[in-house]
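I have placed the structure first, in the form of structure tokens, so that the comments after it can refer back to it.
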Amino acid sequence: MRKLCNRAFKSAVLARTLAGGGIVLLPLLSSCGAGTPALRDARASGEGLPAPPYSIVFVINGDGDYVYHDTSGNAYKADEKALDGAKRIAERNPGAEVFIFHQMPEDHFLFFFPLPDAEFFCYRRGRLVANESYRRDRSQPPFSPELELYRRFSADNRHPSASVFVYCGHEISETRGRADNASEPGRTCTVHELAGGLKSFTGDSARFDIAILSTCYGGTPFTIGALGASARYIVASPDNLHLSYFDLHLLERLDVSLRDGDVPAFARRFARRSFDRLTGEVETAVSVAAYDADSVRGYVRSVQALYDSTLTALSVEGDPSAGKAERCDCAEIPSYVLPSMHEGVEVFFRAAHFGRGRLKQVHSGWECWREKVPRDSLSTSSTR
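Note that this note's numbering has the sequence shown beginning at 5, numbered continuously upward.
Structural data, given as structure tokens:
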């Protein structure tokens, strides 16, 4: 039903745009409220009230293939499930301002006219106050339309009790110019661009309290180092993440779960809860880590030149994972094993129930690149 409504809305938007040229204006369907060009509820906007003390920004990337099936064979789209979860969190946060940006595959009307490919929701104190569909122009820097909407609707709380940034999607490229999904080869989002997006939301003098990177292979020295300038604490998976999504329920009622202001403890609880849920649902390896961005800075700087040179060498042909490179625990590469490796990192790890890694006992919390080696020469365990 949602897809039908979106298609009807997109057609109506195009017709309205071309109405001046003699094309009949199509009426917007009232049954598709989520697809209206702009929804603003002045009564719920909280005018005259102080800005909510908590802030959450969701960016949900649905450009790629996110379809999965449950044990009964029912098909679901993981990004739409994440969107439903983000809305539920927004509605259950009476003390928060929540921004949701849902990015979708590019589409055209009559093959030529680009249609909106993203939708924005703003909730304040548990109520929806704005909803707009918008288009991401490839000629503009990534996150430009999201930043414009954020600035337009933000209550401008310069000193929130806590601020959270959540990115849900596939693995983000660490190399420039590589698309992060197969369906839109011309649309790219790199780690540098994501880091720039975070900095644009916070400004030069502030950082998010927590950044949740709900993607595969987010816990690399390159990624954590780039995001650390814009977030005090980061929760990410250094390994493959099942369906690319964490358990987000802990973000509900931040006025309760973060009442004491203990952000480090909250980040650890979030990582632990996501780990517990994943280990109860999948048999593949599970690793979730909480990073103190300031405490890990020394280690990241120590290995930065080595990581960058390896990444550059393995990216000659484009995507390293498509060539002779593979991911591994950084602790399996002697050059990365330094005394500071475990400072500021709390790791929750369980090995897969099968395969060559089933005997692995621990994970360093850091993921690296290396040249592919024969399976029989790989160690099945790792030591700290």
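Note that the Cβ used here is the ideal one computed from N, Cα and C, for glycine as well.
Keep in mind it's a predicted model, so treat the numbers as computed, not measured.
Excluding its 5 nearest sequence neighbours in each direction, residue 350 has C-beta neighbours in its own chain below 6 Å: 272 and 294, listed in chain order. Close CB contacts of residue 331 within its chain, under the 7 Å cut and outside five residues either way in sequence, are with 221, 371 and 373 (chain order). Residue 275 sits in a helix when the DSSP states are folded into three classes. Here residue 118 carries a strand assignment [DSSP, helix/strand/coil]. Beta-bridge partners of residue 106 (DSSP): 64 and 123. Contiguous alpha helix (DSSP H) elements confined to the region 198 to 270 occur at 225 to 231 and 258 to 261, taking only those with 4 or more residues. No residue range can be given for residue 129, since it is assigned to no alpha helix (DSSP H) and is classified by DSSP as neither H nor E. Annotation: residue 318 to residue 310 spans about 12 Å, alpha carbon to alpha carbon.
With a cut-off of 8 Å on Cβ pairs, the region 102 to 111 is not in contact with the region 256 to 268, counting fewer than three such pairs. The criterion of a C-beta distance shorter than 8 Å is satisfied by residue 268 and residue 296. Spatial neighbours of residue 258 in its own chain (CB-CB distance under 7 Å, excluding positions within 5 residues in sequence) are listed in chain order as 58, 97, 99, 100 and 166. Note on residue 211: 16 or more other CB atoms within 10 angstroms of its CB, so buried under the neighbour-count rule.
Taking 8 Å as the upper bound for CB-CB distance, residue 67 and residue 109 are in contact here, some 6 Å apart. Note that the region 82 to 96 does not touch the region 230 to 238; fewer than 3 beta-carbon pairs, one per stretch, sit closer than 8 Å. Rounded to whole angstroms, residue 227 and residue 195 show a C-alpha spacing of 6 Å. By the criterion of a C-beta distance shorter than 8 Å, residue 287 is surrounded in its chain by 356, 357 and 358, once the five residues flanking it on both sides are discounted. A distance of 8 Å or more separates the beta carbons of residue 329 and residue 364. The Cβ-Cβ distance between residue 168 and residue 213 falls below 8 Å. Across the structure, residue 56 and residue 63 are spaced so that their CA atoms are roughly 20 Å apart.
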